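Novice:
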Amino acid sequence: MKNFYFYIFIIFINTTLVAQEQASFYFDSNKFELKDNEIQKLNEWISTHKEVKIVAINGYTDEDGSIGFNDTLAQKRVDFIYKLVKDKVKIREDFKTRSFGKLHQQSNNKAENRRVTLYYLETKDLAREDEILGIKKEEVVTKPKPKKQFPEAIVIQNPNGTESTFELNVAFMQQIDSAKPGDKLKLENLNFQLNTFAIVNESRGKLYELLLVMQQNPDLVIDIQGHLCCMSIDRTNLSTQRAKAISNFLRINGIDSSRVTYQGFGSSQPIYPLPEKNEEERAANRRVEIEIIKN
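To convert, take the position in the sequence shown, counting from 1, and add 47; that gives the numbering used here.
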């Protein structure tokens, strides 16, 4: 029984290659270098196919010789052709792992079996490359993050030995935890003493909400952004100082500095145009937001 050998690393059979083209070049018996007339034929093919893409280079031998000899010979033929076409025609990186041998039967003429066949796609078919080659992209299933459980209140030991209890907005904490990069969330009810970056005691709970989320979600990276109302120029850089105060709180409490940045925008990004018409508009413009950088 006659055996034919062709060189591949991994056999991949695809019977749906309806748009795949081919070109073959022939070798003398036991040779892996093309004769001059076949090199000329290959160069002519290259000159007229500069826009195609080679998807496989398969090397074949006749039935003479041992399996090991023919495997090596087929490999050398593939390597010889590859050196001639590389940098001249686009080639898939996995061109050696693709076989389309099932589409073609060996000939009874030995000379026709001593060949290398290029399988390629025309320019018009490149957009459908994966479809034509039967490559199915692996679907990436993103599992939703499990909803974390956050406390409804926190008790803090004050420096003077007393305790302070702060109610926490669990829904807001979960919103931060599940937010996507690019999302911006306003820290509601975060107030500062007039014209300073000192946070009023009643607002300290907002800081602990943010701290607890970052402690439980080590992937979370944020940018703290301060905004002012009323004045068109932030002469004292107050918006930056307020954002920095929150950043310092997180860092003092163990959040790595690589996970927290801050900046101030003054009144350059108002929700309502300046001058505001009432206190409601001023309060809306006077805010601190966090932007999710990574989560």
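Where a beta carbon is used, it is the ideal one built from N, C-alpha and C, also for glycine.
The model shown is predicted, which means the values in this text are computed figures rather than measured ones.
Under three-state DSSP, which class holds Lys-149?
Specialist: Here the model assigns Lys-149 a pLDDT of 44, short of 50, so the residue's position is not dependable, and the following value carries that caveat. Three-state DSSP puts Lys-149 in a helix.
Novice: Run through DSSP, which three-state label would Asn-325 get?
Specialist: Under the three-state reduction of DSSP output, Asn-325 falls in the coil class, being neither helix nor strand.
Novice: Residues in the same chain with beta-carbon distance under 7 Å from Asn-205, minus the five sequence neighbours each way, listed in chain order, please.
Specialist: Excluding positions up to five away in sequence, the list reads Ser-211.
Novice: With DSSP as the reference, label Tyr-26 as helix, strand or coil.
Specialist: Outside the displayed range of the chain (48 to 342) lies residue 26, so it cannot be described from this structure.
Novice: Using the three-state DSSP reduction, which class does Ala-330 fall into: helix, strand or coil?
Specialist: helix
Novice: Could you compute how far the alpha carbon of Arg-334 sits from the alpha carbon of Val-268?
Specialist: 20 Å
Novice: Please name the residue in Glu-249, Ile-182, Gln-262 whose C-alpha comes closest to that of Met-220.
Specialist: Gln-262
Novice: Whole angstroms is fine: what's the gap from Ala-292's alpha carbon to Gln-310's?
Specialist: The straight-line gap from Cα to Cα measures roughly 11 Å.
Novice: Between Arg-116 and Glu-80, how many whole angstroms is the CB-CB distance? I'm expecting something under 8 Å.
Specialist: What sits at residue 116 in the sequence shown is Phe, not Arg. Incorrect: roughly 16 Å between the Cβ atoms, too far for contact.
Novice: Enumerated in chain order, which unbroken segments of the alpha helix (DSSP H) with a length of 4 residues or greater are wholly contained in the stretch 245-301?
Specialist: The DSSP assignment places complete alpha helix (DSSP H) segments of no fewer than 4 residues inside the stretch 245-301 at 251-263, 285-299, in order along the chain.
Novice: Mind checking Asn-105: buried by the 16 CB within 10 Å criterion, or exposed?
Specialist: buried
Novice: With distances taken from CA atoms, which of Leu-285, Ile-337, Asp-303, Arg-298 is nearest Gly-313?
Specialist: Leu-285
Novice: From what residue to what residue does the beta strand (DSSP E) around Leu-232 run?
Specialist: 231-233
Novice: Please go through the stretch 82-137 and give each complete beta strand (DSSP E) segment of 3 or more residues, from N-terminal end onward.
Specialist: 100-108
Novice: Which residues does DSSP list as the beta-bridge partners of Val-202?
Specialist: Thr-212
Novice: 8 Å is my cut-off, CB to CB: does Gln-240 come that close to chain D?
Specialist: Within the model displayed, chain D is absent; a lone protein chain is all it includes.
Novice: Can you give the Cα-Cα distance for Gln-243 and Arg-289, rounded to whole angstroms?
Specialist: One detail in the question is off: residue 243 reads as Thr in this sequence, not Gln. Whole-angstrom Cα-Cα distance: 8 Å.
Novice: Might you give, ordered along the chain, the residues of its own chain that have their beta carbon closer than 6 Å to the beta carbon of Leu-234, omitting 5 neighbours on each side?
Specialist: Lys-253, Val-335, listed in sequence order.
Novice: Tell me which residues share the same chain as Ala-245 and place their Cβ nearer than 7 Å to its Cβ, disregarding the 5 neighbours each side in the sequence.
Specialist: Phe-239
Novice: Expressed to the nearest angstrom, what Euclidean distance is found between the alpha-carbon atoms of Leu-150 and Glu-68?
Specialist: Low confidence applies here, because Leu-150 scores a pLDDT of 47, under 50, leaving its location unreliable; read the following figure in that light. About 11 Å.
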